[in-house]
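Enquirer: The following block contains the structure, expressed as structure tokens.
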Amino acid sequence: MSIVSFLRRTAAIAAVLVAGLAARPATAQAQQFDVRGVVVDSSSSPLSGAMVVALTRVDSVIAVFATTSGTGAFTLKRLAPGDYILQVTRIGFAPMRRDFSIVSSNVTADTVRMQPVAVQLDELVVNAEHVPIVNKPDTLEYNAEAFKTRVNATVEELLKRLPGVTVENDGTITAQGKQVQQVLVDGKEFFGNDPKMATRNLPAAAVDKVQVLEKKSDAAEFTGIDDGQEQTTVNLVLKPNARVGYFGRAVGGGGPAPNAEAAFAGTKADDPRYTGSLNLNRFSPSTQLSVIANRNNVGQSGFSIGQPV
């Protein structure tokens, strides 16, 4: 065999191998399917804001989740073939679970019909050892350990990972389709009534449970007269080791800055830039004490009770 023939044959084999390797990710990516369905109440009216979760059947790990639209419809996107558990929860209704499998095509689930929570004798806990979401009367509870966050993450980052909860850039929280008006820490207010003071300053690692509940208005709780007004509230249940003692975080950085940034910050071009923040908390059964400080020369504003860093 001549050298030219050998090189041509080698090049052809290499081309086939490269084409095969390139095709593998495309094939793997193609093996993903959607699950669609509708959630209704006992009278067949569509239920919006219900949380629909697909759990892997082997270990009950969350694979994907979605919330129902105004028509009660949901779509669980890009699920790989396998065996799953469909779990549907909504405040005021008993949770529903059913098994399903994906083989080689999209799945249309049978209509999910939910019963009012009044049929419950007590809280319903479904396989609480593994399932990260528990539905109680008037309360939806998330197990924070089931939703991993990066080291030094804040509560806001934890909330963004919870199914059925969204957080906007301005810190506005929506849970189960309703805007959250209050964030409590172990049932108590934290730095007034601004939810962002808790979500942007407390570390996610200190949280054991996140509870979403419909709470009576402050006026109703003060007077004892039910005015029919409720506010969606998030209660952060701290881990036992965070309820007594100190915890917090400190962040800092520095370095040179271009002239444009110096002009914006009102400092000289050759001045070094720095930024630093401190969050120190001391909690006890009777006291919640927090020190929040921020200093920088990079043009970042400070904070007030209504506008945290």
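The opening residue of the sequence shown carries number 9 in the numbering used here; numbering runs sequentially from there. Every residue, glycine too, gets a C-beta built ideally from N, C-alpha and C. For clarity, every value in this text was computed on a predicted model and none was experimentally measured.
Beta-carbon within less than 6 Å of D91's beta-carbon, same chain only, minus the 5 sequence neighbours each way: which residues are those?
Expert: Mapped onto the sequence shown, residue 91 falls at position 83. Taken in chain order, the residues that qualify are R65, S109.
Enquirer: State the Cα-Cα distance for the pair V252 and G195, rounded to the nearest angstrom.
Expert: Along the sequence shown, read from residue 1 onward, the residue named residue 252 stands at position 244. Along the sequence shown, read from residue 1 onward, the residue named residue 195 stands at position 187. Rounded to whole angstroms, V252 to G195 spans 15 Å at the Cα level.
Enquirer: For G172, which option in A258, L87, F82, R121 has the closest C-alpha, if you only look at C-alpha atoms?
Expert: Sequence index remark: in the sequence shown, residue 172 carries index 164 (1-based). For the residues A258, L87, F82, R121, the minimum Cα distance to G172 belongs to F82.
Enquirer: Checking 7 Å against the spacing of the C-beta atoms, do V47 and T79 come in under that value?
Expert: Here residue 47 is taken as the residue at index 39 of the sequence shown, counted from 1. Here residue 79 is taken as the residue at index 71 of the sequence shown, counted from 1. Not a contact, by the Cβ cut-off of 7 Å.
Enquirer: Taking 7 Å as the threshold (C-beta atoms), are I70 and T97 in contact?
Expert: Within the sequence shown, residue 97 is the residue found at index 89, counting from 1. Within the sequence shown, residue 70 is the residue found at index 62, counting from 1. Cβ distance not < 7 Å, so T97 and I70 don't count as in contact.
Enquirer: Is the CB-CB distance between K217 and T241 below 7 Å?
Expert: Within the sequence shown, numbered from 1, the residue matching residue 217 stands at position 209. Within the sequence shown, numbered from 1, the residue matching residue 241 stands at position 233. Against a cut-off of 7 Å, the Cβ pair of T241 and K217 comes out as no contact.
Enquirer: In or out: A206 buried (at least 16 other Cβ within 10 Å) or exposed?
Expert: Counted from its first residue, the sequence shown places residue 206 at position 198. It counts as buried.
Enquirer: Return the chain-ordered list of same chain residues with a C-beta closer than 7 Å to the C-beta of S56, the five sequence neighbours on each side being excluded.
Expert: Here residue 56 refers to the residue found at position 48 of the sequence shown. Closer than 7 Å at the Cβ level, and outside the excluded window around S56, lie T76, S77, G78, G80, G185.
Enquirer: For A74 and L63, which I take to be in contact (beta-carbon distance under 8 Å), what is that distance rounded to the nearest angstrom?
Expert: The residue given as residue 74 occupies position 66 in the sequence shown. The residue given as residue 63 occupies position 55 in the sequence shown. 13 Å between Cβ atoms; not a contact.
Enquirer: Spatial neighbours of Q123 within its chain, please: C-beta separation below 6 Å, excluding the five flanking residues on both sides.
Expert: Looking up residue 123 in the sequence shown gives position 115. Same-chain partners within the cutoff: S50, A102.
Enquirer: Roughly how many angstroms lie between the CA atoms of D202 and T231, to the nearest whole one?
Expert: Translated into the one-based positions of the sequence shown, residue 202 becomes position 194. Translated into the one-based positions of the sequence shown, residue 231 becomes position 223. Their backbone Cα atoms lie some 23 Å apart in a straight line.
Enquirer: Suppose the cutoff is 6 Å on Cβ atoms and the five residues either side in sequence are ignored; what does the same chain contact list for A258 look like?
Expert: The sequence position of residue 258 within the sequence shown is 250, counting from 1. Excluding residues within five positions, the ones whose Cβ falls inside 6 Å are L286.
Enquirer: Taking DSSP as the reference, what is the three-state secondary structure of V215?
Expert: In the sequence shown, counting from the first residue as 1, residue 215 sits at position 207. DSSP places V215 in strand when its eight states are reduced to three.
Enquirer: DSSP on M104, reduced to helix/strand/coil?
Expert: What you label residue 104 is simply residue 96 of the sequence shown in a count that begins at 1. In the structure shown, M104 sits in a strand (DSSP, three-state: E or B).
Enquirer: Would you report the Cα separation of R281 and G261, rounded to the nearest angstrom?
Expert: Locating residue 281 in the sequence shown gives position 273, where the first residue counts as 1. Locating residue 261 in the sequence shown gives position 253, where the first residue counts as 1. Taking the straight line from one Cα to the other gives about 8 Å.
Enquirer: According to DSSP, is R32 part of a helix, a strand, or is it coil?
Expert: The residue labelled residue 32 in the question sits at position 24 within the sequence shown. Residue confidence for R32 is low, a pLDDT of 49 falling below 50, so the modelled location carries little weight; the figure read from the coordinates is stated next. Helix.
Enquirer: I need the boundaries of the alpha helix (DSSP H) containing M205, first residue and last residue.
Expert: Locating residue 205 in the sequence shown gives position 197, counting from the first residue. Unbroken alpha helix (DSSP H) run through M205: 203-207.
Enquirer: Hey, could you find the ends of the beta strand (DSSP E) K85 is sitting in?
Expert: Counted from its first residue, the sequence shown places residue 85 at position 77. That run of the beta strand (DSSP E) goes 81-87.
Enquirer: Could you check whether L246 and A213 sit closer than 7 Å to each other, using their CB atoms as the reference points?
Expert: Residue 213 sits at position 205 when you count from the first residue of the sequence shown. Residue 246 sits at position 238 when you count from the first residue of the sequence shown. No; because the gap between Cβ atoms is not below 7 Å, this pair is not in contact.
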